[in-house]
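Residue numbers (full-length UniProt numbering): 1 to 796.
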């Protein structure tokens with residue numbers, strides 16, 4: 001026998017004797033063959049995951065999302081390593097209508113010194129800690145002690161506010177507020193240390209706050225803390241809401257409390273498995289990966305509902321209940337495996353975009369998707385057999401409310417199938433236009449808790465003294481003078497002026513800011529020495545090889561404006577002959593990197609759509625099946641993006657993630673519908689139109705029920721305190737809602753209108769569920785064709 005003949009036989013065996021689940025349904029078949037061994041494995045893995053849960057925490061560090069995302073992250077890291085930055089500093093806004101009274105001023109001075117002595121501080125900057133040259137080679141406090149009248153205090157503060165480059169951004173023009181900046185010890189604030197630091201600072205300032213003095217905190221550590229707290233609250237709310245609502249819907253659908261508990265058990269265990277393994281691999285959740293637990297919960301509910309529906313239908317039809325479990329595993333397994341793969345592909349495609357946070361979300365989602373399938377194929381069959389053993393009785397038939405849309409769907413498909421099909425195709429093609437035109441959009445406030453008190457305090461500082469969102473320019477210097485020679489000083493001054501011309505006078509500090517003192521006769525060395533080694537590093541490196549120019553901008557700023565500002569400043573520096581200068585900072589990083597990441601995610605979405613449609617076609621061995629699934633699944637994604645485009649919201653980080661994952665999940669119902677339709681055509685010998693109607697009648701209600709569960713379970717996300725998470729929930733729910741329209745109205749209409757085109761589908765062969773089982777083995781019953789792939793031949 002030739003090699004070619006052998007290859008053809010092997011290929012024919014692969015093509016004609018496999019299920020659409022690519023063999024993954026054997027996990028369920030193994031459960032039926034070796035229930036005790038699988039039960040022990042489930043128990044052992046569950047115990048392992050339980051041991052990880054106590055370690056659960058949420059890391060709100062935005063840098064984790066953007067780490068390793070490309071040029072802008074690398075530039076930010078180099079900037080932070082060279083100079084340190086103001087990005088992790090705590091800003092303390094002290095306000096008092098009587099700030100110029102000597103007693104009030106001295107009390108604020110005491111607060112500034114207490115902050116400097118805080119265990120977590122490596123330094124502070126304030127009107128009280130800053131020193132200026134004394135004229136005899138030394139330095140004196142910028143705000144002298146011992147004032148005894150209002151006029152002297154007001155005169156001193158006014159002089160500093162108007163003439164000292166540092167104090168312009170620390171003292172309000174009306175002399176009613178000062179800003180104290182604390183520089184944290186980065187080693188002590190890693191991980192949970194940031195929470196302890198904030199608590200320590202709050203304890204310090206609490207002593208000084210009274211009716212006369214108001215003290216408020218802000219800065220990135222506070223924003224992060226609020227983000228973490230909101231994410232933790234979300235995790236609790238989402239899990240409890242999803243579990244409670246899913247159980248209620250299952251109860252209403254099945255009209256049985258015990259049945260609802262059987263449906264709910266698998267999602268609970270799937271969430272525990274997912275949380276345990278995610279924590280094991282990553283050590284903590286991010287504000288993105290925490291969404292995975294909600295997705296696993298609601299997807300598991302939907303799949304568990306389908307499984308239990310099938311099992312009860314077999315039982316009601318007269319099959320022995322244990323045999324009904326076996327039959328359901330063999331019928332649900334392949335289709336559930338394919339739907340798992342489509343969701344898996346959607347998550348995995350996100351990993352192609354650079355950025356640690358995106359990759360973690362992709363991996364966590366892929367892990368959760370696979371684990372929920374394994375849980376469905378192992379734990380649920382074992383649970384159902386246990387329920388039978390302890391006397392579980394089948395409930396009445398499910399609620400008729402779920403089947404209410406089905407007569408309308410059939411009426412439209414049978415009477416207006418061609419018109420609906422043409423309309424759906426034309427609309428979908430037109431929706432490709434905004435899909436191609438939509439642009440990335442970024443808003444910093446969307447990453448911070450919506451009720452953030454720290455953000456409100458930042459806005460007060462922005463309005464009063466300039467801003468707490470620094471923009472940095474790293475300027476390479478030619479000389480090696482640690483105190484900066486004249487040529488390099490002029491280069492710094494040029495960059496300083498360029499930046500100041502864009503963001504406003506007195507909003508920039510650099511080595512050029514000391515000109516007021518050097519013009520008074522002090523040397524640069526005297527001025528640099530007076531600010532101390534810690535603050536000196538914020539201006540010039542110790543070797544004099546690089547300088548830093550810092551501009552203070554408002555916390556809330558339009559991303560398009562910031563991008564244009566960076567481009568304009570860069571162009572002007574190049575025109576001025578400043579070579580090698582680089583603009584950076586957290587806001588610059590996340591603005592530009594978000595554009596890159598979102599553009600990459602949009603390509604990932606396109607790839608996910610193409611791969612999933614190809615996967616469906618390959619699984620069913622028919623490009624006609626892939627074409628039939630394209631329109632009803634493209635329509636909801638393109639429609640949602642069109643709404644984002646015309647509403648001016650653009651594409652944001654979680655926008656594309658939501659669309660990608662929602663598409664992967666939306667495909668599930670399409671797979672089940674097509675699988676049942678093909679089973680009706682070939683195995684049951686039904687004519688084309690009758691097979692469509694039969695499919696609607698048999699699984700339409702299940703599609704409605706699972707969509708309600710998915711939407712209802714995720715809708716709580718819409719109320720998250722984190723705007724990015726809330727947007728994820730909004731788009732996820734709307735996409736799935738559009739998807740059920742596609743599956744119940746567009747897909748049947750397409751099938752009905754394309755009778756001749758889809759006629760060959762009746763001859764498709766898909767292999768058996770299990771070839772190796774013996775006739776006496778209940779797991780070896782031959783389920784051929786789409787019967788081996790159809791997961792939901794159940795009345796809803």
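Even for Gly, the Cβ is constructed at its ideal location relative to N, Cα and C.
Cβ-Cβ distance between residue i and residue j below 9 Å
{"i": "residue 114", "j": "residue 352", "result": "no"}
{"i": "residue 798", "j": "residue 569", "result": "Lying before the first or after the last residue shown, residue 798 is absent from the chain, which here runs from 1 to 796."}
{"i": "residue 360", "j": "residue 286", "result": "yes"}
{"i": "residue 592", "j": "residue 471", "result": "no"}
{"i": "residue 289", "j": "residue 282", "result": "yes"}
{"i": "residue 447", "j": "residue 223", "result": "yes"}
{"i": "residue 28", "j": "residue 378", "result": "yes"}
{"i": "residue 204", "j": "residue 88", "result": "no"}
{"i": "residue 25", "j": "residue 334", "result": "yes"}
{"i": "residue 576", "j": "residue 475", "result": "no"}
{"i": "residue 798", "j": "residue 453", "result": "Residue coverage of the chain in this structure runs from 1 to 796, which leaves residue 798 outside it and unanswerable."}
{"i": "residue 808", "j": "residue 357", "result": "There is simply no residue 808 to check, as the chain begins at 1 and stops at 796 in what is shown."}
{"i": "residue 672", "j": "residue 708", "result": "no"}
{"i": "residue 428", "j": "residue 635", "result": "yes"}
{"i": "residue 705", "j": "residue 307", "result": "no"}
{"i": "residue 90", "j": "residue 197", "result": "yes"}
{"i": "residue 79", "j": "residue 125", "result": "no"}
Cβ-Cβ separation, residue j to residue i (assumed contact under 8 Å), whole Å
{"i": "residue 743", "j": "residue 703", "result": "6 Å"}
{"i": "residue 23", "j": "residue 345", "result": "The pair is not a contact, with the Cβ atoms about 17 Å apart (cut-off 8 Å)."}
{"i": "residue 537", "j": "residue 83", "result": "6 Å"}
{"i": "residue 797", "j": "residue 728", "result": "Outside the shown range of the chain (1 to 796) lies residue 797, about which nothing can therefore be said."}
{"i": "residue 97", "j": "residue 176", "result": "6 Å"}
{"i": "residue 631", "j": "residue 409", "result": "Actually they are not in contact, since the Cβ atoms of residue 631 and residue 409 sit about 15 Å apart, beyond 8 Å."}
{"i": "residue 153", "j": "residue 127", "result": "No, residue 153 and residue 127 are not in contact; Cβ-Cβ is about 11 Å, not under 8 Å."}
{"i": "residue 740", "j": "residue 715", "result": "Wrong, their Cβ atoms sit about 14 Å apart, outside the cutoff."}
{"i": "residue 549", "j": "residue 473", "result": "4 Å"}
Best match in the options for proximity to residue i [C-alpha to C-alpha]
{"i": "residue 694", "options": "233, 679, 706, 707", "result": "679"}
{"i": "residue 415", "options": "749, 475, 43, 50", "result": "749"}
{"i": "residue 316", "options": "745, 236, 393", "result": "393"}
{"i": "residue 757", "options": "671, 602, 418, 582", "result": "418"}
{"i": "residue 362", "options": "370, 374, 349", "result": "349"}
{"i": "residue 689", "options": "634, 699, 751", "result": "751"}
{"i": "residue 190", "options": "221, 574, 383, 214", "result": "221"}
{"i": "residue 57", "options": "502, 209, 228, 270", "result": "228"}
{"i": "residue 647", "options": "438, 265, 389, 81", "result": "438"}
{"i": "residue 422", "options": "747, 49, 609", "result": "747"}
{"i": "residue 247", "options": "213, 297, 200", "result": "297"}
{"i": "residue 599", "options": "586, 436, 318, 200", "result": "436"}
Cβ-based burial, residue i [other Cβ within 10 Å; buried from 16]
{"i": "residue 512", "result": "buried"}
{"i": "residue 20", "result": "buried"}
{"i": "residue 330", "result": "buried"}
{"i": "residue 406", "result": "buried"}
{"i": "residue 491", "result": "buried"}
{"i": "residue 100", "result": "buried"}
{"i": "residue 3", "result": "At residue 3, the pLDDT of 43 sits below 50, so the modelled position is not reliable; the number obtained from the coordinates is stated separately. Residue 3 is exposed by the Cβ-count criterion."}
{"i": "residue 710", "result": "buried"}
{"i": "residue 440", "result": "buried"}
{"i": "residue 207", "result": "exposed"}
{"i": "residue 267", "result": "buried"}
{"i": "residue 179", "result": "buried"}
{"i": "residue 155", "result": "exposed"}
Which residues DSSP lists as bridging residue i, in chain order
{"i": "residue 505", "result": "Residue 505 is not bridged to any residue."}
{"i": "residue 651", "result": "440"}
{"i": "residue 582", "result": "474"}
{"i": "residue 286", "result": "59"}
{"i": "residue 25", "result": "Per DSSP, none; premise fails for residue 25."}
{"i": "residue 121", "result": "184"}
{"i": "residue 548", "result": "474"}
{"i": "residue 632", "result": "BP columns for residue 632 are empty, so no partner."}
{"i": "residue 297", "result": "Note: residue 297 sits in no beta bridge, so no partner."}
{"i": "residue 46", "result": "Paired residues: none, contrary to the question."}
{"i": "residue 179", "result": "93"}
{"i": "residue 469", "result": "553"}
{"i": "residue 171", "result": "178"}
Cβ-heavy atom distance, residue i to the ligand ADP, below 8 Å
{"i": "residue 98", "result": "This structure lacks the ligand ADP; in fact it carries no ligand of any kind."}
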